[in-house]
Amino acid sequence: MDPIDVPRPKSVRDPNRPASSLLLAQVKHLREAEKGLPPKYHSGIFSHAIQTEGEAARYIQSVTEAIHAAHDDAAAERVRRAPKRKRGIEIAAVADEAAERRARSRTGGKKKGSPSKPKR
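According to this note's numbering, the sequence shown is numbered sequentially starting from 33.
So this is what it looks like as structure tokens:
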């Protein structure tokens with residue numbers, strides 16, 4: 033039996049080819065993700081007008097970059113706003129001082145104005 037010769041396509045990528053339903057579904061999902069971003073990260077591309085693979089590729093790239101930029105900016109903002117935590121040892125030391133003051137006030141402590149007798 034003779035082998036059947038199947039020609040290889042020159043390129044899989046064709047920006048002028050009409051977008052497939054799978055690609056349009058991905059664009060639709062990314063449109064929903066873009067709606068959740070702050071307005072300064074929106075791509076400005078009208079996603080309902082996408083008809084070719086090239087238009088879809090440009091839209092997908094711009095929305096993906098916007099999502100990454102929004103994430104990086106939010107992470108930097110969280111780091112900047114993080115309050116400094118007090119160390120546990122310092123808090124414990126303050127609690128011990130307060131306990132000592134309470135203990136002195138319970139025992140009466142030293143009375144003011146009374147001279148102390150020297151011990152022999």
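Glycine residues also receive a C-beta, built at the ideal position from the N, C-alpha and C atoms. Note that the coordinates shown come from a computational prediction; the quantities given were computed from them, not determined experimentally.
| request: Measure from the alpha carbon of residue 62 to the alpha carbon of each residue in 112, 90, 111 and 113, then state which is nearest. | output: On the sequence shown, residue 62 is found 30 positions in, with the first residue counted as 1. For residue 62, the nearest C-alpha among the options comes from 90.
| Among residues of its own chain, excluding the 5 on either side of residue 101, which ones have a beta-carbon nearer than 8 Å to its beta-carbon? | Within the sequence shown, the letter at position 69 stands for residue 101. Contacts found: 73.
| message | Please identify the residue among 85, 57 and 59 whose C-alpha is closest to the C-alpha of residue 44. | response | Mapped onto the sequence shown, residue 44 falls at position 12. The option with the nearest alpha carbon to residue 44 is 85.
| query | How many Å lie between residue 105 and residue 112 at the Cα? | reply | As a first step, residue 105 is located in the sequence shown; it is residue number 73 there, counting from the start. As a first step, residue 112 is located in the sequence shown; it is residue number 80 there, counting from the start. So the alpha carbons of these two residues sit roughly 11 Å apart.
| said: Do residue 69 and residue 99 count as a contact pair if the criterion is CB distance below 9 Å? | reply: As a position in the sequence shown, residue 99 is number 67, starting the count at 1. As a position in the sequence shown, residue 69 is number 37, starting the count at 1. In contact: residue 99 and residue 69 (Cβ atoms closer than 9 Å).
| Cβ-Cβ distance between residue 79 and residue 59 below 9 Å | Mapped onto the sequence shown, residue 79 falls at position 47. Mapped onto the sequence shown, residue 59 falls at position 27. Cβ atoms of residue 79 and residue 59: closer than 9 Å.
| query | Whose C-beta lies closer than 8 Å to the C-beta of residue 49 among residues of the same chain, with five residues either side of it excluded? | reply | What you label residue 49 is simply residue 17 of the sequence shown in a count that begins at 1. Closer than 8 Å at the Cβ level, and outside the excluded window around residue 49, lie 84 and 85.
| Is DSSP giving residue 50 helix, strand or coil here? | Against the sequence shown, residue 50 aligns to sequence position 18. In this structure, residue 50 counts as strand in the three-state DSSP scheme.
| message | Nearest by alpha-carbon distance to residue 71: which of 108, 95 and 38 is it? | response | The residue you call residue 71 lines up with position 39 of the sequence shown. When only C-alpha atoms are compared, the closest one is 95.
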